Amino acid sequence: MVAIQRISCFGSFLIRIRLVRPAKQFAGFFVPVPEPTLPWQRYLCCMRKVRVRFAPSPTGGLHLGGVRTALYNYLFAKKHDGDFVLRVEDTDQTRFVEGAEKYIIDCLAWCGIAPDEGLHRPGNFGPYRQSERKDLYKKFAEQLVESGHAYHAFDTPLEIEELRERLKAKGESNLQYGHQNRLEMRNSLSLSDEETKALFKTDLPHVVRIKINPGEHVRFKDMIRGDIEMDTNGVDDKVLLKADGMPTYHLAVVVDDYLMKITHAFRGEEWLPSAPVHVLLWKYLGWEKDMPEWAHLPLILKPEGNGKLSKRDGQRLGFPVFPLAWKDPVSNEILPGFKELGFLPDAFINMLAMLGWASGMEQEIFSLEELIENFSIEKVHSSGAKFDFEKAKWFNHEWIKRSAVEKLLPEVKEIFRKEGIAIADEHKLEKVIDLVKERCILLTDFVHQSIFFFETPATIHIETILPKWNDVKNLFFTELVRNYSLANFWKAEELEHSFKEIASVNRLKPGELMLPFRIMLVGDKYGPGIFEIAYLLGRDETIKRVQHTLNLLAQTKS
RNA sequence: GCCGCGUUGGUCAAGGGGUUAAGACGCCUCCCUUUCACGGAGGAAUCACGGGUUCGAAUCCCGUACGUGGUACCA
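Residue numbers (the numbering used here): 4 to 561.
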């Protein structure tokens, strides 16, 4: 039932335990062995420390999809006691955006998924910025040329454009630079050695392209999608090393994943079509046995219409796509993030984790620790998920409700500070938070839900009580004020008790008096229990507000 | 166009040959609360379509449709 394979790996051993899938029915009885659902699950990899990487390019703000990729990498790493590495893929110098790198680090930190190793925390596999690794890649590109798996190409962009035009004119559907036409182009395969050498002596820019042989079948295992087989016919001779000496993603990802000993490579589904190139590169470079396990993550789609969620969608659709506010360096426009909108990081990552993955349990609210415990990459879906902002808000509401006051206090204080609301009594704020948190979907809701505890309401909506206002009610509140000012107590239950007593003496139903009382104290009809409010407001403030509204009513009536 | 990947309510999803096809968000009704919420009870709404295989298909196979991604000296 169990076969054990030993594969030499970095001088140590990589042991793979292979659970051979048993026949379900065997010799007339059921074999009680749990059946793995996917082929890759039959492999348990031991003795090689799990290392994953998140490798964004610093070309702008980090959006939802990127954060989720980072999150899944992180969860997987922590689940397997592995390392989560942050690498920056900045090989396209034309797209470099100032501040993006720092922004990425800040976002990850806010989310609580800070890397074990990377840019800001160098380990043994640096540098972690690809632009600083430039010289490394050239060596491997040359190695590929020497082994016949790559070649130098001298075509100018104009010549490549002409090739495409030519193919288009011929009615070709495949306009790529590849096996069909590489010999018509200017490269070290079509040219003689002398011609190639001569071209090297000129300063004509050149690139290194991978040589893809047609008709080959590339097979690899995807931890989410299972076995994948693609043929090389549709794959072009991708550029590996650009004219400026920088590698393209294809070369860089393979070289760095190898050098950084990455064991599992998780990335967006958009990479699936070029996965054969990467698998081939691992093979051509002679590193096949160290190739990481792949998983191509589903895309996050726009809630309405079609297409994957992009950085531009946020504003247009009325929800953020960034964790933190992002200032576009070109337009100087500031796009608020989930944080600024009033999201708790726990809620944000909880929501993100559930978008494309489900534990199989009924539980939906997971802390980061619980996510780590329950996460499994094979349960990640293979299809894209539409982002639903309503559900995102629900997660936040749940998290606010469940969060302890101590956790919410600094967040609320910060929001109050920004709103210019002074907090004299922090202890009172704690009580208020506890009282109103279940009414707050976003942290910013705390302002509306609790401002009347700290400031006199700006407007008193007397129009909601005016139609039913009369002298008896007026008398009631006058008596209430007298009673409250003389009372030797100030507790919610006792306030309620005397309120009802005075009402009954005046032959009034408490019900018709509580709304006016609420308007007097809050200004509007919302908020927690009214006697709780009066209690926290204190005697003087309560009486002051009642009298103020009484005066207002008197003026309006006359 | 070509190539890849996908498709369970409006959305997120469980289920992977036999289920009355879970649960959550949102929506609606009622209860609780003499406010607004929370909470509780209930409701509407689904296996993209067509063929197979099978005693039996949401589940396996094929085709179609639709969606989505790739098709750069971008990642």
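Each residue gets a CB set at the ideal place from its N, CA and C atoms; glycine is no exception. These figures come from a predicted structure and were not determined experimentally.
Using a 10 angstroms sphere on the CB of residue 191, the tally of other CB atoms reaches 16 or more, which defines it as buried. Under DSSP, residue 54 takes part in a beta bridge, and its partners are 86.
When DSSP states are grouped into helix, strand and coil, residue 124 belongs to the strand group.
Under the DSSP assignment, residue 231 falls in the beta strand (DSSP E) whose first and last residues are 229-234. Excluding sequence positions up to five before and after residue 274, its CB lies within less than 7 Å of the CB of 299, all in the same chain and listed in chain order. According to DSSP, residue 296 shares a beta bridge with 267. Shown here for residue 216: same chain residues with a beta carbon closer than 8 Å to its own, the five before and five after excluded, namely 182, 235 in chain order.
Here DSSP, grouped into helix, strand and coil, assigns residue 190 to strand. Counting along the chain, the unbroken alpha helix (DSSP H) around residue 281 starts and ends at 278-287. DSSP places residue 435 inside the alpha helix (DSSP H), whose first and last residues are 429-439. Counting C-beta pairs with one atom in each stretch, the stretch 318-325 and the stretch 362-377 have fewer than three that are closer than 8 Å, which means they do not touch.
At a Cβ-Cβ threshold of 8 Å, residue 549 and residue 469 do not count as neighbours.
Three or more Cβ pairs closer than 8 Å define a contact, and the stretch 333-352 meets that threshold against the stretch 444-456. Secondary structure in the stretch 307-379: the alpha helix (DSSP H) runs of 4 residues or longer, each lying completely within the stretch, are 316-320, 341-344, 348-356, 371-377 in chain order. Segment contact: the stretch 478-497 against the stretch 455-470, fewer than three CB-CB distances shorter than 8 Å; contact not assigned.
By the criterion of a C-beta distance shorter than 6 Å, residue 400 is surrounded in its chain by 444, once the five residues flanking it on both sides are discounted. Annotated three-state conformation of residue 529 is coil, per DSSP. Looking at the backbone, the Cα of residue 355 and that of residue 365 are separated by about 17 Å. Contact between the stretch 125-136 and the stretch 153-167 is absent: fewer than three C-beta pairs spanning the two stretches fall below 8 Å. Counting every other CB atom within 10 Å of its CB across the protein chains shown gives residue 104 a total of 16 or more, marking it as buried. At the C-beta level, residue 267 and residue 450 stay beyond 8 Å of one another. With respect to the 8 Å criterion, residue 255 and residue 211 are not classified as neighbours on the basis of their beta carbons. Counting along the chain, the unbroken alpha helix (DSSP H) around residue 405 starts and ends at 392-405. Using a C-beta cut-off of 8 Å, the stretch 59-66 makes contact with the stretch 89-100, since at least three inter-stretch Cβ pairs fall below that distance. Within 10 angstroms of the beta-carbon of residue 529 lie fewer than 16 other beta-carbons, which makes it exposed. Distance check between residue 75 and each of 276, 360, 425 places 360 closest, using alpha-carbon atoms only. Note on geometry: alpha-carbon atoms of residue 353 and residue 367 lie some 8 Å from one another. With a cutoff of 8 Å on beta-carbon distance, residue 481 and residue 526 are scored as not near each other. Within the DSSP bridge table, the entry for residue 304 names 311, 389 as partners. In terms of CA proximity to residue 398, 357 leads the group 119, 199, 73, 357.
Residue 458 sits exposed, since fewer than 16 C-beta atoms from the chains shown fall within 10 Å of its C-beta. Where residue 446 is concerned, there is no enclosing alpha helix (DSSP H), because DSSP gives it neither an H nor an E. When secondary structure is reduced to three states using DSSP, residue 116 falls in the coil class, being assigned neither helix nor strand. According to the DSSP secondary-structure assignment, residue 154 is paired through a beta bridge with 212.
Selection 466, 479, 534, 506 evaluated against residue 558 yields 466 as nearest (Cα-Cα). Residue 336 and residue 67 have their C-alpha atoms roughly 19 Å apart.
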